[in-house]
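Undergrad:
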Amino acid sequence: MKTAISLTPDDSPDLADRLNNLGLWLSTRFERTDMVEDLDYAVEAAKKAVKLTPESHQHYAGYLNNLANSHGKRFQRTSTVDDINCAIEASSRAVKSKSRKHPGFLNSLGVWLCARFETSGELMDLDHSIEAVRRAVDITSPSHPDRSAFLNTLGTSLSRKFERTDSVKDLNEALDIFTQCLGATPRDGPNFASTLNNLGICHGMRFERAGSIADLDHAIERTHESVVSTPHGHPQLPNRLNSLGNQLRARFQRTGATQDLEHAIDAAEKAIKIATKTHPHYPTYLSSLANKLSLRFERTNEVHHLDRAIELIDEAIQGTPLSRDSLAAYYNNLGSSLRTRYEKVGRESDIARAIEASNKAVDLTARDHPDISSYLNTLGNVFGSRFHRTDSLDDLDRCIKNITKAVEAMPQDHPDRSVIINSLGNGLDKRFEVTKSAGDRDSQMQWLLQAWNSKAAAPSQKIRAAGSAAYVYIQRKEWAKASALLREAVLLLPKVSPRFLAHADRQSLLSSLSGLTSMAAAAALSANKGPYEALRLLELGRGLISGFVMDIRTDTSELNLEYPGLAKEFDRVRDEMGQLQKRN
Numbered sequence: 001m002k003t004a005i006s007l008t009p010d011d012s013p014d015l016a017d018r019l020n021n022l023g024l025w026l027s028t029r030f031e032r033t034d035m036v037e038d039l040d041y042a043v044e045a046a047k048k049a050v051k052l053t054p055e056s057h058q059h060y061a062g063y064l065n066n067l068a069n070s071h072g073k074r075f076q077r078t079s080t081v082d083d084i085n086c087a088i089e090a091s092s093r094a095v096k097s098k099s100r101k102h103p104g105f106l107n108s109l110g111v112w113l114c115a116r117f118e119t120s121g122e123l124m125d126l127d128h129s130i131e132a133v134r135r136a137v138d139i140t141s142p143s144h145p146d147r148s149a150f151l152n153t154l155g156t157s158l159s160r161k162f163e164r165t166d167s168v169k170d171l172n173e174a175l176d177i178f179t180q181c182l183g184a185t186p187r188d189g190p191n192f193a194s195t196l197n198n199l200g201i202c203h204g205m206r207f208e209r210a211g212s213i214a215d216l217d218h219a220i221e222r223t224h225e226s227v228v229s230t231p232h233g234h235p236q237l238p239n240r241l242n243s244l245g246n247q248l249r250a251r252f253q254r255t256g257a258t259q260d261l262e263h264a265i266d267a268a269e270k271a272i273k274i275a276t277k278t279h280p281h282y283p284t285y286l287s288s289l290a291n292k293l294s295l296r297f298e299r300t301n302e303v304h305h306l307d308r309a310i311e312l313i314d315e316a317i318q319g320t321p322l323s324r325d326s327l328a329a330y331y332n333n334l335g336s337s338l339r340t341r342y343e344k345v346g347r348e349s350d351i352a353r354a355i356e357a358s359n360k361a362v363d364l365t366a367r368d369h370p371d372i373s374s375y376l377n378t379l380g381n382v383f384g385s386r387f388h389r390t391d392s393l394d395d396l397d398r399c400i401k402n403i404t405k406a407v408e409a410m411p412q413d414h415p416d417r418s419v420i421i422n423s424l425g426n427g428l429d430k431r432f433e434v435t436k437s438a439g440d441r442d443s444q445m446q447w448l449l450q451a452w453n454s455k456a457a458a459p460s461q462k463i464r465a466a467g468s469a470a471y472v473y474i475q476r477k478e479w480a481k482a483s484a485l486l487r488e489a490v491l492l493l494p495k496v497s498p499r500f501l502a503h504a505d506r507q508s509l510l511s512s513l514s515g516l517t518s519m520a521a522a523a524a525l526s527a528n529k530g531p532y533e534a535l536r537l538l539e540l541g542r543g544l545i546s547g548f549v550m551d552i553r554t555d556t557s558e559l560n561l562e563y564p565g566l567a568k569e570f571d572r573v574r575d576e577m578g579q580l581q582k583r584n
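Numbering-wise, full-length UniProt numbering puts 318 at position 318 of the sequence shown, and it's gapless, one number per residue.
1) Are there 16 or more other CB atoms within 10 angstroms of the CB of Ala-480, so buried, or fewer, so exposed?
2) With DSSP collapsed to three states, give me the class of Pro-235.
3) Could you tell me the boundaries of the alpha helix (DSSP H) in which His-305 lies?
4) Between Lys-455 and Arg-542, what straight-line distance do the alpha-carbon atoms span, to the nearest angstrom?
5) Grab me the residues of Arg-583's own chain with a C-beta within less than 6 Å of its C-beta, minus the 5 sequence neighbours each way, in chain order.
6) How big is the Cα-Cα spacing for Thr-284 and Phe-105?
7) Using 8 Å as the Cβ pair cut-off and three pairs as the minimum, do the segment 339-352 and the segment 312-324 touch?
8) Out of Asn-301, Glu-539 and Ser-288, point me to the one whose CA is closest to Glu-311's CA.
9) Roughly how far, in whole angstroms, is the beta-carbon of Val-137 from the beta-carbon of Leu-126, given that I think they are within contact range, below 8 Å?
10) For Arg-222, which residues of its own chain have a beta-carbon under 8 Å away from its beta-carbon, when the five flanking residues on both sides are left out?
11) Compare the C-alpha of Ile-355 against each of Tyr-375, Asp-371, Arg-367 and His-369 and name the closest.
12) Considering only their Cβ atoms, is the gap separating Leu-485 from Glu-466 smaller than 7 Å?
13) I believe Asn-332 touches Thr-378 by the beta-carbon criterion, under 8 Å. Please report the beta-carbon distance rounded to the nearest angstrom.
14) Does DSSP classify Lys-582 as helix, strand or coil?
15) Roughly how many angstroms lie between the CA atoms of Leu-306 and Ile-351, to the nearest whole one?
16) Between Ala-264 and Leu-248, is the Cβ-Cβ spacing less than 7 Å?
17) On the three-state DSSP scale, how would you describe Pro-531?
18) If I'm right that Ser-358 touches Gly-335 with Cβ under 8 Å, what's the distance once you round it to whole angstroms?
19) DSSP on Ala-458, reduced to helix/strand/coil?
20) Classify Leu-491: buried if its beta carbon has 16 or more other beta carbons within 10 angstroms, exposed otherwise.
21) Please identify the residue among Phe-30, Pro-494, His-388 and Asn-107 whose C-alpha is closest to the C-alpha of Gln-76.
22) Using the C-alpha atoms, what's the distance from Trp-25 back to Ser-97?
23) So what's Pro-494 in DSSP terms, helix, strand or just coil?
24) Give me, in chain order, the residues of the same chain whose beta-carbon lies closer than 7 Å to that of Pro-564; leave out the 5 immediate sequence neighbours on both sides.
25) Can you tell me whether Ser-337 is helix, strand or coil according to DSSP?
26) Since Gly-155 is in the alpha helix (DSSP H), which residue starts that stretch and which ends it?
27) Kindly indicate which three-state DSSP category Lys-477 falls into: helix, strand or coil?
28) Since Leu-516 and Ala-489 should fall inside the 8 Å C-beta cutoff, what is the C-beta to C-beta distance between them, to a whole number of angstroms?
So this is what it looks like as structure tokens:
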């Protein structure tokens, strides 16, 4: 084609078309080879095609759209802001052009507006993206082969909006759209693997928001199938490996199955190994691996895993522009990892860096961003860790102040809100021990009872809150209140399944169960409810502990790999025993 163009006179009516075709072929080749030089030539060819073509020409809008796509792809590869602005400008001109109306132009505009949002964080770009792609979908026949691609774009923009606004409605719509897309996409089609990946990511998001284990299983199934469906050497393979690793990591945190963590680390290592170091997503892959290595440290207590995690996050931060929304997440992860190493090793430089990194995460994040609660909580916990070593009341004050802000910024129906409230309760309890301030004790009780009464809180978190609040009642000799609260907490225990808790939480829960039931029995006696009630609570607790030990000690993940039928039958019998225990 380059030869044909070189032989075509400058005044030939065919020159613009040949330049446009050259740009398309080069852009397509880039998708297979990841050679940025191809995009450079594609942009230049498309520019010349547009320049040679009058606005009234029937192909003018198409040439503009192709120019926009070349600029947009180069932005995705190089993060050059000028490219994304040029892409949006060219797409807008294509949409407004009177030469030809086409839903594909609206879809392209939506793609590049969403891409700019990921850099700028401007919600207006995302809203305009959704608006443009909805129009594209609305004017496209349900039987048109491009409609699934337009729906895919719409689903992506809606999922990004959920990440930014915590709108569950947008997330559910995105899930419905990706499910619809998958059903309409041929298995051997070019968009099949990307649709699987998008659907898996959305299931993972809903799991993080609502806690349904079914969503997490779907997330792993879809992202795994996406990886399997992606050829080796494909530029999107690192991204899909990273997605799979993130879902496996989430399941490890929920179930404690070490095999999931090792597979997650393996996927993350592969993503880094095959990704180009200059790719804009490379820092994301580094940070993802770092998170998983930090979890491995928590499981093995081997500090070298944590050391490498911190090195990887440092590298991710160094390779990320200030304009990137993800930079705050990297600083948050760095602060958390440095805090963990400080608690393990006691290095003062680590806690100083942890405070600096956590502060940066908060400073870089808008106050209405869904992640601000997490970052404030990390910052508060960093100060709390330093307080435990220094006994500095100033550190404890900062701990409580930031965790309070974290709770206040989190939606009432978020399942993690009770986790942060329990953390806040611990901080207020520590300060009360130092200052004996009645205000701190009253505030602690208000928060703990709020967590206990929350409909969104996990049963394990409600029980923790109840135990802490009951302890305060006992200190005040308010035995009737303590007994009533502890009785309800013990009755809630059958709703806690250790298999659906993080491993550390399972061990902590098991160690605290006997204490909870003993405290409930003692409170019942002190409240003059009689020995029968006390004995009943003790027996209920004893039976539940036996069942929990069986759950915790029996990991069927390896059995499931070799003999899935037998593993399923074991789980069924175990669950039946659990139901029998509840009835008893």
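Here a beta-carbon is modelled for each residue, glycine too, at the ideal position from N, C-alpha and C. Because the structure is a prediction, the values reported are computed rather than measured.
TA: Taking the geometry as given:
1) exposed
2) DSSP, read as helix, strand or coil, puts Pro-235 in coil.
3) 303-318
4) Rounded to whole angstroms, Lys-455 to Arg-542 spans 27 Å at the Cα level.
5) Because the pLDDT at Arg-583 is just 43, under 50, the model does not fix this residue reliably, and the point stays unresolved.
6) 30 Å
7) no
8) Ser-288
9) Cβ atoms of Val-137 and Leu-126 stay farther apart than 8 Å, at about 16 Å.
10) Leu-196, Asn-197, Leu-199, Gly-200 and His-203
11) Tyr-375
12) In the sequence under discussion, the amino acid at residue 466 is Ala, which differs from the Glu named in the question. In this structure, Ala-466 sits near Leu-485, with a CB-CB distance shorter than 7 Å.
13) 5 Å
14) Any reading at Lys-582 needs caution, since the residue's pLDDT is 41, under 50, leaving its predicted position unreliable; the model's value is listed next. It is helical.
15) Rounded to whole angstroms, Leu-306 to Ile-351 spans 14 Å at the Cα level.
16) yes
17) helix
18) 3 Å
19) Looking at Ala-458 - three-state DSSP - the assignment turns out to be coil, as it is neither helix nor strand.
20) exposed
21) For Gln-76, the closest C-alpha among the options Phe-30, Pro-494, His-388 and Asn-107 is that of Phe-30.
22) In a straight line, the C-alpha of Ser-97 is about 24 Å away from that of Trp-25.
23) Three-state DSSP puts Pro-494 in a helix.
24) none
25) helix
26) 147-165
27) coil
28) 6 Å
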